[in-house]
Amino acid sequence: HAHGHKHDEL
Amino acid sequence: MNIFRLVGDLSHLLAILLLLWKIWKTRSCAGVSGKSQIMFGLVYITRYLDLFTNFISIYNTTMKAIFIAVAIATIYLIYFKFKATYDSNHDTFRMEFLIVPVGGLAFLVNHDFTALEILWTFSIYLESVAILPQLFMISKTGEAETITSHYLFALGSYRALYIVNWVYRYYFEGFFDLIAIVAGCVQTILYCDFFYLYVTKVMHGKKLSLPA
Numbered sequence: 246h247a248h249g250h251k252h253d254e255l
Numbered sequence: 005m006n007i008f009r010l011v012g013d014l015s016h017l018l019a020i021l022l023l024l025w026k027i028w029k030t031r032s033c034a035g036v037s038g039k040s041q042i043m044f045g046l047v048y049i050t051r052y053l054d055l056f057t058n059f060i061s062i063y064n065t066t067m068k069a070i071f072i073a074v075a076i077a078t079i080y081l082i083y084f085k086f087k088a089t090y091d092s093n094h095d096t097f098r099m100e101f102l103i104v105p106v107g108g109l110a111f112l113v114n115h116d117f118t119a120l121e122i123l124w125t126f127s128i129y130l131e132s133v134a135i136l137p138q139l140f141m142i143s144k145t146g147e148a149e150t151i152t153s154h155y156l157f158a159l160g161s162y163r164a165l166y167i168v169n170w171v172y173r174y175y176f177e178g179f180f181d182l183i184a185i186v187a188g189c190v191q192t193i194l195y196c197d198f199f200y201l202y203v204t205k206v207m208h209g210k211k212l213s214l215p216a
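So the sequences go chain by chain: G and P.
Mapped onto this note's numbering, the consecutive letters of the first sequence carry residue numbers 246 to 255.
Mapped onto this note's numbering, the consecutive letters of the second sequence carry residue numbers 5 to 216.
Below, the structure written as structure tokens:
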């Protein structure tokens, strides 16, 4: 996983 | 967004609103674990710090804000407004036994060693075990009120639907988040025993009580 891992789930 | 996630999120929302409504309506939080609610409050606050750094959608922002607000309102009702009805004698699970190891694990196993990411990871791990004080309380008293059972069923359904969502996302989007998946599976497993009791008792109109 790269930096700034995006969490789009709740 | 797929149907499993949407229904899962709505089930999650239903669960927390149901609990808040029950406490408000009956003016009592008897049978509700304040410790589980404090930990869920901690889960939402530490996970949704990205409200300030990362915009995903109106839906996402709204749901996060609602979860935090409802969690805080629930904690307020239990520890302040209806404190007299809080069953602290039966809510004896030690929160530090969960928070400390989970915090350590979040430091060791995470996607990215940054404050926000560690807090996100902490919240994922903590959510997976946050229901334990509530389940422990039910096992101590040997029963749960019907609305509390519905709350747990809706909460467990949300977790189970999220697993289906992850399977869907893996196949159709090539997306997977191992930390969320492993923690989510652990969390869902914790509900299995309860699901069994719910289906065999509550769905047949009986109160949830444990065999002696």
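The beta carbon of each residue, even a glycine, is placed where N, CA and C say it ideally should be.
Fair warning: this is a prediction, and the values are worked out from it, not measured in the lab.
For the pair the stretch 125–137 of chain P and the stretch 39–48 of chain P, tell me if three or more CB-CB distances fall below 8 Å. A contact exists between the stretch 125–137 of chain P and the stretch 39–48 of chain P.
Out of curiosity, what's the CA-to-CA distance linking Glu131/P and Leu112/P? The residue you call residue 131/P lines up with position 127 of the second sequence. The residue you call residue 112/P lines up with position 108 of the second sequence. About 17 Å.
Following the continuous alpha helix (DSSP H) through Cys189/P, name the residue where it begins and the one where it ends. Reading the second sequence from its first residue, position 185 is the one you call residue 189/P. Its alpha helix (DSSP H) spans residues Leu182 to Thr204.
What's the gap between the Cα of Thr150/P and the Cα of Leu212/P? Locating residue 150/P in the second sequence gives position 146, counting from the first residue. Locating residue 212/P in the second sequence gives position 208, counting from the first residue. Rounded to whole angstroms, Thr150/P to Leu212/P spans 7 Å at the Cα level.
Whose Cβ in chain G lies nearer than 9 Å to the Cβ of Met67/P? Start at 1 with the first residue of the second sequence, and residue 67/P comes out as number 63. Within chain G, the residues whose beta carbon sits less than 9 Å from that of Met67/P are Leu255, listed in sequence order.
Let me check understanding here. Comparing Cα to Cα, which of Leu214/P, His208/P and Arg173/P lies closest to Phe8/P? Sequence index remark: in the second sequence, residue 8/P carries index 4 (1-based). Measuring from the Cα of Phe8/P, the nearest candidate turns out to be Arg173/P.
Over what stretch of residues does the alpha helix (DSSP H) that includes Met43/P continue unbroken? Position 39 of the second sequence, counting from 1, holds the residue named residue 43/P. Where Met43/P is concerned, the enclosing alpha helix (DSSP H) stretches over Gly38 to Arg51.
Compare the C-beta of Ile76/P against all C-beta atoms of chain G and say whether one is closer than 8 Å. If you number the second sequence from 1, residue 76/P lands on position 72. The beta carbon of Ile76/P sits no closer than 8 Å to any beta carbon of chain G.
Whole-angstrom distance between Arg98/P and Leu109/P, CA atom to CA atom: In the second sequence, counting from the first residue as 1, residue 109/P sits at position 105. In the second sequence, counting from the first residue as 1, residue 98/P sits at position 94. Cα to Cα, the separation comes out at about 18 Å.
If we ignore side chains and look at the alpha-carbon of each, how far apart do His246/G and Thr152/P end up? On the first sequence, position 1 is the one that residue 246/G refers to. On the second sequence, position 148 is the one that residue 152/P refers to. Confidence at His246/G is low in this model, with a pLDDT of 42, below 50, so its placement is unreliable and the value that follows should be read with caution. The straight-line gap from Cα to Cα measures roughly 39 Å.
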